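Novice: UniProt numbering puts the first residue of the sequence shown at 1, with every later residue one more than the last. Note that the Cβ used here is the ideal one computed from N, Cα and C, for glycine as well. The model shown is predicted, which means the values in this text are computed figures rather than measured ones. First the structure, which I've put down as structure tokens, then a few questions once you've had a look.
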Amino acid sequence: MSRTLTVASIQFTPSDDMQANIDRVAGFIREAAGQGADVVLPPELFCGYYFCKTQEEHHFARALPWHDHPAVMQLGELAAELGVVIPVSIYEKDGPHYYNSLVMIDADGTPLGVYRKSHIPDGPGYQEKYYFRPGDTGFRTWQTMKGNIGVGVCWDQWFPEAARAMALMGADVLLYPTAIGAEPHDASLDTAARWRRVMQGHAVANVMPVVAANRVGDEEGQVFYGTSFITDHVGEVVTDFGRSEEGVLVASFDLDVIDRDRAAWGFFRDRRTDLYDILV
């Protein structure tokens, strides 16, 4: 009997009301579970507006410890009810330290731990270095009840070494919750296509599906371009959204077929780790 994994991506426009956003995400998760989803991915920092556009100290109050964060607690109960895996993106406070974090909730509602975003951007409209320390967890994969899940967070998605590290740790699929859109310093710059292409490349190079969940809509003048998608293990987009829709994307994959193809292509057989010592 083949191993099938059904994944889902959520695209929506958050408000700045945490509970309202948790409730909306819960509704989308129920919709995805009703379509057979095993793993349901909400966007990055979905509990409120994307607050990193500017440097304002009052936004530090948004951070909470991960183990009793309302989104983690409530979606953990939902995961247990529906039997689905939910990666939950939060703003985490750990003592005096602040992180852009993800808590992996297993299909029985158990939190499996935290991943702290490794790569932190800093630029017009995305001033995350003011709010977040670089993650100290290293890249992680999660052996869940539904499969081995690798998750990077937004800016991580631009780094091929992050995808490869998770693949080497045994990931069956790569997930990327995201908050990306307009570039305030250059109205002519549209990164949506290259954002998608780099993750399609991760799918090709690691021979595994990729799931990306982005927010959409206008948040106090900053527009997020959506275009969430799911690729198969050869990088083909099998389902996607445009720049205005809200809802869920769902796709199923035969993991045994993918494992066979990954072995046949030889990308992992032919790696030359003996040459890596020239890198700094």
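With DSSP run on the structure shown, which of helix, strand or coil describes Ile258?
Specialist: Taking the first residue of the sequence shown as position 1, residue 258 is located at position 258. The answer is helix: DSSP assigns Ile258 an H, G or I state.
Novice: Please confirm if the segment 140-154 is in contact with the segment 88-107, defined as three or more CB-CB distances below 8 Å between the two stretches.
Specialist: These segments touch.
Novice: Go ahead and label Phe12 buried or exposed: buried means 16 or more other beta carbons lie within 10 angstroms of its beta carbon, across all protein chains shown.
Specialist: Counted from its first residue, the sequence shown places residue 12 at position 12. Result: buried.
Novice: Which same chain residues end up closer than 7 Å to Glu219 when comparing Cβ atoms and leaving out the 5 residues on each side of it in sequence?
Specialist: In the sequence shown, residue 219 corresponds to position 219, counting from 1. Contacts found: Tyr49 and Tyr50.
Novice: Distance, Cα to Cα, Ala167 vs Asn206?
Specialist: As a position in the sequence shown, residue 167 is number 167, starting the count at 1. As a position in the sequence shown, residue 206 is number 206, starting the count at 1. Rounded to whole angstroms, Ala167 to Asn206 spans 6 Å at the Cα level.
Novice: So Gly76 and Gly109 are supposed to be a Cβ contact under 8 Å. How far apart are they, rounded?
Specialist: If you number the sequence shown from 1, residue 76 lands on position 76. If you number the sequence shown from 1, residue 109 lands on position 109. Contact holds; Cβ gap of about 5 Å.
Novice: Taking a contact to mean a Cβ-Cβ separation below 8 Å, would you say His185 touches Pro209 in this structure?
Specialist: Position 185 of the sequence shown, counting from 1, holds the residue named residue 185. Position 209 of the sequence shown, counting from 1, holds the residue named residue 209. The answer is no: Cβ separation not under 8 Å.
Novice: Distance, Cα to Cα, Ser15 vs Ala203?
Specialist: Here residue 15 refers to the residue found at position 15 when the sequence shown is read from its first residue. Here residue 203 refers to the residue found at position 203 when the sequence shown is read from its first residue. Distance between the alpha carbons of Ser15 and Ala203 is about 32 Å.
Novice: Which runs of the alpha helix (DSSP H) spanning at least 4 residues fall entirely within the segment 182-236, listed in chain order?
Specialist: Correct list: 192-206.
Novice: Quick one: grab the DSSP three-state call for Arg116.
Specialist: For the purposes of this step, residue 116 is identified with residue 116 of the sequence shown, where counting begins at 1. In the structure shown, Arg116 sits in a strand (DSSP, three-state: E or B).
Novice: Quick one: is Thr144 buried, meaning 16 or more other Cβ sit within 10 Å of its Cβ, or exposed?
Specialist: For the purposes of this step, residue 144 is taken as residue 144 along the sequence shown, with counting starting at 1. Label assigned to Thr144: buried.
Novice: Taking 8 Å as the threshold, find out whether the segment 91-101 comes into contact with the segment 59-78 through three or more Cβ pairs.
Specialist: The segment 91-101, when compared against the segment 59-78, does touch it at the 8 Å Cβ threshold.
Novice: Using beta-carbon positions only, say whether Ala37 and Thr6 come within less than 8 Å of one another.
Specialist: One-based indexing of the sequence shown puts residue 37 at position 37. One-based indexing of the sequence shown puts residue 6 at position 6. A contact, by the Cβ cut-off of 8 Å.
Novice: Where Ser101 and Ile120 are concerned, what is the direct C-alpha to C-alpha distance, given to the nearest angstrom?
Specialist: By 1-based counting over the sequence shown, the position of residue 101 is 101. By 1-based counting over the sequence shown, the position of residue 120 is 120. Going by the C-alpha atoms only, they are around 11 Å apart.
Novice: Need the endpoints of the beta strand (DSSP E) that Glu92 sits in, please.
Specialist: Reading the sequence shown from its first residue, position 92 is the one you call residue 92. Counting along the chain, the beta strand (DSSP E) containing Glu92 begins and ends at Ile86 to Asp94.
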